[in-house]
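Residue numbers (UniProt numbering): 1 to 251.
The next block holds one structure in the form of structure tokens; read it before the comments.
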């Protein structure tokens, strides 16, 4: 079996992500090991301990994911011949870490751990922890975007996990990116542009760089071949699919 590899090589890891991972991990370990001084009220002790351990878990998981993703700035794909068909295996790029909006919830929970005692405040701590988890652990590109994908392509069609899309039923192959559109910023001469807006748009641009997806339209439905790609990898995968399918298909 002949084999041909096509890889997008990663040369420059995001050093800032390593720093963020180290800081998040250190804070998570501190929350995990620090002692809450509520010796007389056992109920409050367990309540605040729940908040402390929950936030520690969020930060440690985030640190682990960020550390592993630091070198995956771009996506990559491998193609090889498989029984007369071309198998394409795609590994998506990691989404950039959105840590800045989570700083306030983490600080608030840290303050509760250092000075607990207010009745009912632990419930607010759980809310802050949930907000931090939503910000830090959710992929902004959508579900399944960070999952590696593999599919078979031949002149008869595309096989996606056992679902065969026959060539004659395929209408179109396309690259999409829901984050790549222009966003209008309203400027107020008296107030300027809010810092939060600028930060949000900057993060959106970073996400857009690795939010390309390849879709195939067949039978009136859109099927995702690969997602979480940078533009170069998306174009490369689309070209390989077009070659394997042969001519007469609109791309």
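Glycine included, each C-beta is placed from N, C-alpha and C at the ideal position.
Outcome for residue i when other beta-carbon atoms lying within 10 angstroms are tallied against a minimum of 16
i           : result
residue 46  : exposed
residue 15  : exposed
residue 92  : buried
residue 69  : buried
residue 207 : buried
residue 65  : buried
Residues that residue i bridges to, as DSSP identifies them
i           : result
residue 206 : In DSSP, residue 206 forms no bridge with anything.
residue 174 : 215
residue 79  : 88
residue 239 : In the DSSP output, where bridge partners are listed per residue, residue 239 has none listed.
residue 165 : 158
residue 130 : Paired residues: none, contrary to the question.
residue 52  : Paired residues: none, contrary to the question.
residue 222 : 217
Three-state class that DSSP yields for residue i in the structure shown
i           : result
residue 179 : coil
residue 91  : strand
residue 233 : helix
residue 227 : strand
residue 71  : coil
residue 149 : strand
residue 125 : helix
residue 186 : Note on residue 186: pLDDT 36, under 50, position unreliable in the model; no value is reported.
residue 141 : coil
residue 15  : helix
residue 105 : helix
residue 98  : coil
residue 36  : coil
residue 118 : coil
| query | With a cut-off of 8 Å, do at least 3 Cβ pairs link the region 166-173 to the region 120-128? | reply | By the Cβ criterion, the region 166-173 is not in contact with the region 120-128, since fewer than three pairs of Cβ atoms, one from each stretch, lie closer than 8 Å.
| task | Examine the Cβ distances between the region 105-113 and the region 213-233 and report whether three or more of them are shorter than 8 Å. | result | Fewer than three beta-carbon pairs drawn from the region 105-113 and the region 213-233 are found closer than 8 Å, and the two stretches are therefore not classed as touching.
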